[in-house]
Amino acid sequence: MRRLRGIVRKELKEIFANRYAVVVSVALCLFVGAMHALQSAVADPSPQPASPVFILSTIVGLLISYTFASQLFYREKVSGTIETLLCSPISLRTLWAGKVIAVALPASVLSWAASVVATLIVSARTGTPVIASGPLILHVLIVVPLFNATLAGLLGFAQMLLGMRENRLIGFVVFIPLFAALYGIGFSGAGRFAYGWSSLGILAAIAILLLAAVGYLSRFLSRERIVMTLP
Amino acid sequence: MASSTASAVRPMIAADRLSKAFGGRMVLRGVGFEIGEGEVFGYLGPNGAGKTTTMRLLLGLLRPTEGTVRVDGRDASRSLDARRRIGVLLESNGLYGRLSAIDNLSYYAQLFEVPRAKERVAEMLELAGLTGRRRDKVGTFSLGMRRRLALARALLHRPAVLFLDEPAAGLDPEAQKLVRDLIVSLSSDERITVFMNTHDLDDVQRICSRVAILCDGRIRADETLKEWNARAEATGLVLTLVDENDVEEAARILENLPDVATCEIDGRTLAVSTHRELPTATVIRAFEASGIALHEIRRARQTLEELYLETVREAGEDA
Chain A
0 MRRLRGIVRK ELKEIFANRY AVVVSVALCL FVGAMHALQS AVADPSPQPA SPVFILSTIV
60 GLLISYTFAS QLFYREKVSG TIETLLCSPI SLRTLWAGKV IAVALPASVL SWAASVVATL
120 IVSARTGTPV IASGPLILHV LIVVPLFNAT LAGLLGFAQM LLGMRENRLI GFVVFIPLFA
180 ALYGIGFSGA GRFAYGWSSL GILAAIAILL LAAVGYLSRF LSRERIVMTL P
Chain B
0 MASSTASAVR PMIAADRLSK AFGGRMVLRG VGFEIGEGEV FGYLGPNGAG KTTTMRLLLG
60 LLRPTEGTVR VDGRDASRSL DARRRIGVLL ESNGLYGRLS AIDNLSYYAQ LFEVPRAKER
120 VAEMLELAGL TGRRRDKVGT FSLGMRRRLA LARALLHRPA VLFLDEPAAG LDPEAQKLVR
180 DLIVSLSSDE RITVFMNTHD LDDVQRICSR VAILCDGRIR ADETLKEWNA RAEATGLVLT
240 LVDENDVEEA ARILENLPDV ATCEIDGRTL AVSTHRELPT ATVIRAFEAS GIALHEIRRA
300 RQTLEELYLE TVREAGEDA
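Protein chains in written order, with numbering that gives the first Met the number 0: chain A, 0 to 230; chain B, 0 to 318.
So, in structure tokens, the structure goes:
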């Protein structure tokens with residue numbers, strides 16, 4: 000457990016040491032939050048208050064997770080630091096888990112920030128203070144971090160296992176279209192619905208199942224495969 | 000010439016009939032050695048010979064296709080305990096450029112659960128000569144500073160076995176001497192076993208107690224430095240003739256003598272290399288019988304570089 004804490008702490012330091020990435024991420028999530036909220040309020044003067052926050056917190060969390068996971072997993076391979084790290088007495092799963100937690104924490108905080116911004120803007124635009132429902136608050140606090148961890152875990156698994164070219168392809172072919180699709184759904188009517196306890200339960204179950212599946216996948220990480228795919 | 004020198008002391012690193020293939024291409028073929036406690040083992044070989052693959056197998060980063068590897072009696076690919084006893088300095092220093100020197104060392108102190116970590120980190124920064132720069136980002140360091148810091152990280156947890164890949168690469172002469180002296184003292188005073196991949200024959204001569212040469216995935220030579228030096232003393236003769244017209248005949252006579260490896264002509268001088276000691280009396284008698292007058296005959300000490308090149312050349316001919 001001490002080692003896991005050590006990995007998380009070090010990875011967080013690495014994330015925050017890259018000031019450019021942090022500033023861009025914060026600016027991006029605030030900008031997207033504001034734009035999304037404004038767009039929602041314009042499109043429908045009396046929107047379901049849940050819609051912008053629900054879509055936004057999820058998309059921002061995933062987007063930031065994608066950015067930070069690339070920083071922590073991909074860069075460790077590109078710089079070659081992972082080879083020395085693999086010689087230390089930590090299991091691959093501990094290393095993977097430490098990085099996943101380190102990605103999910105700031106990504107979740109930023110998605111919370113974006114949600115707050117969006118809520119404030121929607122409240123200001125509609126003239127009615129938006130009070131988030133219990134399921135929505137739990138969605139932002141629990142489901143979003145779980146999805147963030149799932150994406151970070153899946154991406155980390157792929158980046159550790161695959162070569163550099165395949166990793167670049169994954170970014171372009173899988174994740175960027177995925178974000179575009181999610182965002183499109185968010186802007187379309189499909190994202191506007193009352194977020195209740197059943198929605199929360201379904202999404203939480205999906206998130207937990209996905210995270211468990213990705214955790215299971217991490218068993219198949221191998222030192223040899225990682226070393227053989229170093230640039 | 001290849002021989003596996005079994006150590007009299009407890010083997011800290013043992014490779015037995017180690018082979019590794021990548022997609023059907025054999026990179027290592029039946030490599031075997033035992034390295035005893037406190038030995039400094041220099042692992043030489045041309046680029047692509049399989050040195051890095053051997054080191055990765057020993058470190059448990061790769062699984063052997065055939066054969067076994069033991070570090071301090073355990074398989075490093077499976078045992079976390081074995082990895083606790085290993086210190087590593089690879090070609091890429093493995094340092095985090097965005098973190099400070101102290102953060103880099105503290106991270107590894109946590110991973111290795113180093114007792115009294117703060118004091119040990121400070122001690123290692125002192126050893127690397129980086130106490131004054133401990134809070135600076137490693138990305139701002141020179142190549143030499145990074146190498147010193149990486150070596151300090153490798154020693155942080157007091158390993159029993161140290162794996163070094165070109166440890167003095169990128170260092171200025173003063174720092175190179177520092178690193179060499181450090182390795183020698185670690186081996187002699189603390190009985191740390193050192194496995195060193197290198198191309199630097201000067202390093203090998205100064206610090207290694209044993210040298211192996213790997214060519215084309217096979218060990219072609221494995222001898223203690225004393226044995227190398229004895230061979231270097233024994234295997235060379237330089238002859239100067241009175242008459243330059245006799246050189247062709249003299250070369251023919253020499254090449255027909257047993258154990259003569261090569262004979263090179265330069266004016267009226269012949270440089271002879273032999274597989275083992277060739278008595279000067281044998282040469283003198285052979286020349287007298289053919290009526291060739293000798294001006295001078297002396298032993299020529301081969302450098303380790305010459306011995307290395309000869310071994311590599313022979314390996315190429317075998318292949």
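For every residue, glycine included, the Cβ atom is placed at its ideal position computed from N, Cα and C. Being a predicted model, the structure only gives us computed values, none of them experimental.
Among the options, which has the Cα closest to the Cα of residue i?
i	options	result
Gln-70/A	Leu-109/A, Met-0/A, Ile-130/A, Gln-158/A	Gln-158/A
Arg-157/B	Tyr-107/B, Arg-133/B, Arg-217/B, Gly-131/B	Tyr-107/B
Leu-213/B	Glu-313/B, Glu-118/B, Gly-22/B	Glu-313/B
Leu-306/B	Val-237/B, Glu-226/B, Arg-267/B, Asp-265/B	Glu-226/B
Leu-104/B	Glu-90/B, Arg-119/B, Glu-38/B	Arg-119/B
Ile-141/A	Gly-214/A, Leu-104/A, Val-25/A	Leu-104/A
Phe-111/B	Ser-64/A, Ile-100/A, Ile-6/A	Ile-6/A
Thr-223/B	Gly-23/B, Ala-14/B, Asp-15/B, Val-39/B	Val-39/B
Leu-181/A	Val-22/A, Leu-62/A, Lys-9/A, Glu-10/A	Leu-62/A
Ala-122/B	Leu-148/B, Leu-98/B, Ser-141/B	Here residue 122/B turns out to be Glu, not Ala, going by the sequence shown. Minimum Cα distance to Glu-122/B is reached at Leu-148/B.
Glu-223/A	Glu-33/B, Glu-248/B, Arg-55/B	Arg-55/B
Met-25/B	Arg-275/B, Asp-215/B, Glu-295/B, Gln-109/B	Asp-215/B
Ala-106/A	Ile-205/A, Ala-204/A, Ala-20/A	Ala-20/A
Tyr-65/A	Val-22/A, Ala-36/A, Val-99/A, Val-77/A	Val-99/A
Under a three-way DSSP split, which group does residue i fall into?
i	result
Pro-46/A	Confidence at Pro-46/A is low in this model, with a pLDDT of 47, below 50, so its placement is unreliable and no value can be given for it.
Gly-190/A	Model confidence at Gly-190/A stands at a pLDDT of 49, short of 50, so the residue's coordinates are unreliable and nothing is read from them.
Phe-111/B	coil
Leu-277/B	coil
Met-159/A	helix
Ala-1/B	Low confidence applies to Ala-1/B: its pLDDT is 40, below 50, so where it sits in the model is not reliable enough to give any reading.
His-35/A	helix
Met-123/B	helix
Val-115/A	helix
Cys-214/B	strand
Met-227/A	helix
Glu-196/B	As written in the sequence, residue 196/B is Asn, which differs from the Glu given in the question. Correct three-state label for Asn-196/B: strand.
Asp-317/B	helix
Arg-284/B	helix
Tyr-42/B	strand
Cys-28/A	helix
Ser-107/A	helix
Given that residue i touches chain B, what residues does it touch there, using C-beta distances under 8 Å?
i	result
Lys-76/A	In chain order: nothing, as chain B lies at least about 11 Å away.
Arg-124/A	The contacting residues do not exist; Arg-124/A stays about 40 Å from chain B at best.
Gly-5/A	Tyr-106, Gln-109, Leu-110
With a Cβ-Cβ cutoff of 8 Å, do residue i and residue j count as a contact?
i	j	result
Asn-228/B	Tyr-42/B	no
Leu-58/B	Cys-86/A	yes
Val-143/A	Ser-56/A	yes
Gly-235/B	Ala-299/B	yes
Gly-79/A	Gly-93/B	yes
Gly-138/B	Ala-174/B	no
Arg-230/B	Asp-202/B	no
Gly-31/B	Leu-17/B	yes
Leu-181/B	Leu-161/B	no
Ala-153/B	Val-68/B	no
Val-52/A	Val-139/A	yes
Arg-267/B	Leu-240/B	yes
Leu-155/B	Val-193/B	no
Arg-146/B	Ile-101/B	no
Which bits of chain A does residue i rub up against, with CB to CB less than 7 Å?
i	result
Tyr-95/B	Glu-13, Thr-80
Phe-111/B	Ser-87, Pro-88
Under 8 Å Cβ-Cβ, which residues of chain A neighbour residue i?
i	result
Tyr-307/B	Under the 8 Å cutoff, chain A gives no residues; its nearest Cβ is about 27 Å from Tyr-307/B.
Val-87/B	Thr-83, Cys-86
Asp-102/B	Lys-9, Lys-12
Leu-79/B	Pro-88, Ile-89, Ser-90
Ser-91/B	Ser-78, Gly-79, Thr-80, Glu-82, Thr-83
Name the chain A residues that come within less than 9 Å of residue i, Cβ to Cβ?
i	result
Val-26/B	Under the 9 Å cutoff, chain A gives no residues; its nearest Cβ is about 12 Å from Val-26/B.
Leu-98/B	Lys-9, Lys-12, Glu-13, Ala-16
Ser-76/B	Arg-222, Glu-223
Arg-83/B	Ser-87, Pro-88
State yes or no: is the C-beta of residue i nearer than 7 Å to some heavy atom of the ligand PLP?
i	result
Ala-112/A	Among the components modelled here there is no ligand, and therefore nothing to report on the ligand PLP.
Applying a beta-carbon distance threshold of less than 9 Å, which residues of chain B neighbour residue i?
i	result
Arg-1/A	Gln-109, Glu-112
Within 9 Å of chain A by C-beta, residues of the segment 41-61 of chain B in sequence order: Arg-55, Leu-58, Gly-59, Leu-60, Leu-61
Anything in the segment 128-147 of chain A with a Cβ closer than 9 Å to a Cβ of chain B? List those residues in chain order, please. none
Residues of the segment 215-230 of chain A with Cβ closer than 7 Å to any Cβ of chain B, in chain order: Arg-222, Glu-223, Val-226
Please name the residues in the segment 14-40 of chain A whose beta-carbon is closer than 7 Å to at least one beta-carbon of chain B, in chain order. Ala-16, Asn-17
Along the segment 187-213 of chain B, where does the CB come closer than 9 Å to a CB of chain A? Name the residues. none
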